[in-house]
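Participant: Before I ask anything, let me first share the structure, which is written out below as structure tokens.
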Amino acid sequence: MNNHLSLKDYKSLKDLVCKLILDIAPEADVQGLDPNEEFREELDLDSMDFMTLLDSIEKETGVNVPERDYVKVNSLQSLTEYIATRK
Amino acid sequence: MKILTMPSFGADMAVGTIVKWNVKPGDHVSKGDIIASIETMKGLIDMEVFDDGIIVTLLAGEGDELEIGYPIAELQLKHEEDSHSNSEHIVESVDPHSLEVGSNIAVSQEVAGHSSDSQDVVGKVSRVPTDAEEKSSDSLNTLRPKISPAARSKAQQLGIDWRQLPQGTGPDGALLLGDINIADKPASHRVKDPSDMMRNAIAATVSRSKREIPHYYLQLDMVLDKTINWLSHHNVDLPPSKRILSNAVIYSAIARALTAFPAFNGFYHDGHYQPSEAVHLGNAISLRQGGLMVVAIHDAQRLGLAELMEKIKDQVNRARNGGLRMSEMQDATVTVSNLGDRGSDTIQSIIFPPQVAIIGIGRPRTVPWVIDDKVTSATIISMSLAADHRVSDGHSGARLLNKINTLLQTPERLV
Numbered sequence: 000m001n002n003h004l005s006l007k008d009y010k011s012l013k014d015l016v017c018k019l020i021l022d023i024a025p026e027a028d029v030q031g032l033d034p035n036e037e038f039r040e041e042l043d044l045d046s047m048d049f050m051t052l053l054d055s056i057e058k059e060t061g062v063n064v065p066e067r068d069y070v071k072v073n074s075l076q077s078l079t080e081y082i083a084t085r086k
Numbered sequence: 000m001k002i003l004t005m006p007s008f009g010a011d012m013a014v015g016t017i018v019k020w021n022v023k024p025g026d027h028v029s030k031g032d033i034i035a036s037i038e039t040m041k042g043l044i045d046m047e048v049f050d051d052g053i054i055v056t057l058l059a060g061e062g063d064e065l066e067i068g069y070p071i072a073e074l075q076l077k078h079e080e081d082s083h084s085n086s087e088h089i090v091e092s093v094d095p096h097s098l099e100v101g102s103n104i105a106v107s108q109e110v111a112g113h114s115s116d117s118q119d120v121v122g123k124v125s126r127v128p129t130d131a132e133e134k135s136s137d138s139l140n141t142l143r144p145k146i147s148p149a150a151r152s153k154a155q156q157l158g159i160d161w162r163q164l165p166q167g168t169g170p171d172g173a174l175l176l177g178d179i180n181i182a183d184k185p186a187s188h189r190v191k192d193p194s195d196m197m198r199n200a201i202a203a204t205v206s207r208s209k210r211e212i213p214h215y216y217l218q219l220d221m222v223l224d225k226t227i228n229w230l231s232h233h234n235v236d237l238p239p240s241k242r243i244l245s246n247a248v249i250y251s252a253i254a255r256a257l258t259a260f261p262a263f264n265g266f267y268h269d270g271h272y273q274p275s276e277a278v279h280l281g282n283a284i285s286l287r288q289g290g291l292m293v294v295a296i297h298d299a300q301r302l303g304l305a306e307l308m309e310k311i312k313d314q315v316n317r318a319r320n321g322g323l324r325m326s327e328m329q330d331a332t333v334t335v336s337n338l339g340d341r342g343s344d345t346i347q348s349i350i351f352p353p354q355v356a357i358i359g360i361g362r363p364r365t366v367p368w369v370i371d372d373k374v375t376s377a378t379i380i381s382m383s384l385a386a387d388h389r390v391s392d393g394h395s396g397a398r399l400l401n402k403i404n405t406l407l408q409t410p411e412r413l414v
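First to last, the protein sequences are chains A and Y. Position 86 (the first sequence) corresponds to 85 in numbering that gives the first Met the number 0; numbering is contiguous. Position 201 (the second sequence) corresponds to 200 in numbering that gives the first Met the number 0; numbering is contiguous.
So, in structure tokens, the structure goes:
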């Protein structure tokens, strides 16, 4: 995790990502999700859902995840850290 | 006069409930106006009107659950308004407060009692305005208790003597479907679960398809690397909202290829095939709560990739959250079934009648592939075609798949 990021900030960012996921997949069990699992697989998000998620993340945080970085944001943990380090 | 009926939003729908009327008797409507919201097992759909005219009467109330084909409103067409002064008289005679709903329902239920064929009902009910003119609604009121056709049918089905029931919640105390359902309290456990309804409707459609349509199946593996490379170049500096997914390129290639293969794009009715010039590409969208719906991308062959992408996103969103239009539910001339990038390698689909073809797209996967006598790595998709042998043969089906494959090798031309 980014050294500059407090646990509290990380937590609130993770909550934001979870909320944005729930906007797309209201039935997703984000609480029961292992933050290190591949969340698209776990939560059944297809490529369209994922792009919609990245769109809302960009609107909420200003962080744009380019396609070449998709492999770096596979899990809830890695996605949250990715945003945190670029915010 | 035109009778508007409970529309079908796809072959897998049996009933709909009017949630809200956006019009009242006397309102002028234009083609494309949304006149009602209809709750179906596929969610809330906006019902459009396809003619210019004046709403004369509403034959069903908000909350009524009706079978498809059931009369729900009368529309005086614009040209009738211009040429027949007696039609105008009917409009003027309508009291917007009583809506004339009671009397018209009373007449239509009489008709419905004689026939279970909804087409027949529609034909006979079109005479209703004349009857309503001749008899005052008061005389009808005293003749018999009022009940909506759907309520009467439901009461019969449940063995309830509706004449013994207290006044209903409809106009002038007419019994509506909801009243019968309430009267049927002991059977409240039988309340239909929407997901069961959707499952039953899908079952009915695919069973009919497999019973009536002699399917044949073809499949072709297509290298997707050109498309993927072109897209990664195209998307590199774009924000997520502007990026194009490979789905859009594949759909575009399919739509454009189909324009040259009319035997796969159209409707088969009563032993006769009618090809369609426009490709209204039905996108099979899976719903998160289970089930699926096919939503038509109108004139998909004319859309550029960015437009097509926007359309797909918008429709997926509305399929899941409500707000699809009736025409989007009815017009698909061919369907694409795509299990997504994490689905399975292949899918063999079942044709949605009255269409005559469905194209299945498997997930992209990386495989060893031989190019110029050398084994290399390639990303491919397996595309399947299920088509109706009454209309086409495997030879032309194979040519269609090969044409789609060719288009996918030059994605820049689809922009």
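Quick reminder that beta carbons are idealized off the backbone N, C-alpha and C, glycines included. This one's a predicted model, so the numbers in the text were calculated from it and none came from an experiment.
In the DSSP output, which residue or residues are listed as bridge partners for Y:R324?
Facilitator: Y:D45
Participant: Can you give the beta carbon distance from Y:V432 to Y:Q354, rounded, assuming they're within the 8 angstroms contact cut?
Facilitator: Given a span of 0 to 414 for chain Y in the structure shown, any question on residue 432 of chain Y remains unanswerable.
Participant: Whose C-beta lies closer than 7 angstroms to the C-beta of Y:V18 among residues of the same chain, with five residues either side of it excluded?
Facilitator: S36, I37, E38, L43, E61
Participant: Using the beta-carbon of each residue, which ones in chain Y are nearer than 9 angstroms to A:S46?
Facilitator: Correct list: L244, S245, N246, G339, D340, R341.
Participant: Work out the CA separation of A:S5 and Y:L323 for me, nearest whole Å.
Facilitator: 44 angstroms
Participant: What's the gap between the Cα of Y:W161 and the Cα of Y:L58?
Facilitator: 20 angstroms
Participant: In the segment 19–41 of chain Y, which residues sit with their C-beta less than 9 angstroms from some C-beta in chain A, listed in chain order?
Facilitator: none
Participant: Nearest CA to the CA of A:A83: which residue from A:D33, A:G61, A:E41, A:E66?
Facilitator: Looking at the Cα atoms, A:G61 is the closest of the given residues.
Participant: Does A:D22 get closer than 7 angstroms to chain Y when you measure Cβ to Cβ?
Facilitator: no
Participant: For A:E66, would you say it is in contact with chain Y, using Cβ-to-Cβ distances shorter than 7 angstroms as the test?
Facilitator: yes
Participant: What's the C-alpha gap between Y:L176 and Y:Q155?
Facilitator: Just so you know, the alpha carbons of Y:L176 and Y:Q155 end up roughly 12 angstroms apart.
Participant: If you follow the beta strand (DSSP E) that Y:F266 is in, where does it begin and where does it stop?
Facilitator: 265–268
Participant: Assuming Y:G52 contacts Y:V22 (C-beta within less than 8 angstroms), just tell me the rounded distance between them.
Facilitator: Y:G52 to Y:V22, Cβ: 11 angstroms. No contact.
Participant: Would you say Y:R324 lies against chain A (beta-carbon separation less than 7 angstroms)?
Facilitator: no
Participant: To the nearest angstrom, how far is the alpha carbon of Y:K373 from that of Y:G361?
Facilitator: 25 angstroms
Participant: What residue does the beta strand (DSSP E) around Y:W229 start on, and which one ends it?
Facilitator: DSSP places Y:W229 in no beta strand (DSSP E) but in the uninterrupted alpha helix (DSSP H) bounded by 224–234.
Participant: Would you call the segment 62–79 of chain A in contact with the segment 377–397 of chain Y, where contact means no fewer than 3 C-beta pairs closer than 8 angstroms?
Facilitator: no
Participant: Could you check whether the segment 277–295 of chain Y touches the segment 325–340 of chain Y, counting it as contact only if at least three pairs of C-beta atoms, one from each stretch, sit closer than 8 angstroms?
Facilitator: Yes: at least three Cβ pairs fall under 8 angstroms.
Participant: Per the contact definition of three or more C-beta pairs closer than 8 angstroms, is the segment 309–322 of chain Y in contact with the segment 4–20 of chain A?
Facilitator: no
Participant: Thinking C-beta only, is Y:L413 closer than 7 angstroms to Y:L217?
Facilitator: no
Participant: Looking only at C-alpha atoms, which of Y:L65, Y:D63, Y:R255, Y:R341 sits nearest to Y:T409?
Facilitator: Minimum Cα distance to Y:T409 is reached at Y:R255.
Participant: Please confirm whether Y:M221 and Y:L407 have their CB atoms less than 7 angstroms apart.
Facilitator: yes
Participant: Give the DSSP-derived three-state secondary structure of Y:Y69 in the structure shown.
Facilitator: coil
Participant: Return the CA-CA distance between Y:F260 and Y:V293, expressed in angstroms with no decimal places.
Facilitator: When rounded, the distance between both Cα atoms is 21 angstroms.
Participant: Kindly give me the distance between the Cβ atoms of Y:P429 and Y:I54, rounded to whole angstroms, as I take these residues to be in contact under 8 angstroms.
Facilitator: This structure gives no information on residue 429 of chain Y, because the portion of chain Y shown stretches from 0 to 414.
Participant: Closer than 9 angstroms between beta carbons: that is the criterion. Which residues of the segment 54–78 of chain A meet it against chain Y?
Facilitator: D54, S55, I56, E57, K58, N63, V64, P65, E66, R67
Participant: Can you name the residues of chain Y whose CB is closer than 9 angstroms to the CB of A:E40?
Facilitator: R341
Participant: Can you pull the chain Y neighbours of A:E88, defined as C-beta to C-beta under 8 angstroms?
Facilitator: For residue 88 of chain A there is no data in the structure shown, the boundaries of chain A being 0 and 86.
Participant: So, is Y:I34 buried or exposed, given that buried needs 16 or more other C-beta atoms within 10 angstroms?
Facilitator: buried
Participant: Got a sec: which bits of the segment 304–316 of chain Y sit with their beta carbon under 9 angstroms from any beta carbon on chain A, in order along the chain?
Facilitator: I311, K312, V315, N316
Participant: I need the straight-line Cα distance from Y:R364 to Y:D344, nearest angstrom please.
Facilitator: 7 angstroms
Participant: Are the CB atoms of Y:R210 and A:E26 within a distance shorter than 7 angstroms?
Facilitator: no
Participant: Please report whether the beta-carbon of A:E80 lies at a distance below 7 angstroms from any beta-carbon of chain Y.
Facilitator: no
Participant: In terms of alpha-carbon separation, which member of Y:R389, Y:F351, Y:L400 lies closest to Y:R207?
Facilitator: Y:F351
Participant: Do you know how far the Cα of Y:G31 is from the Cα of Y:G290?
Facilitator: Straight-line Cα distance between these residues: approximately 28 angstroms.
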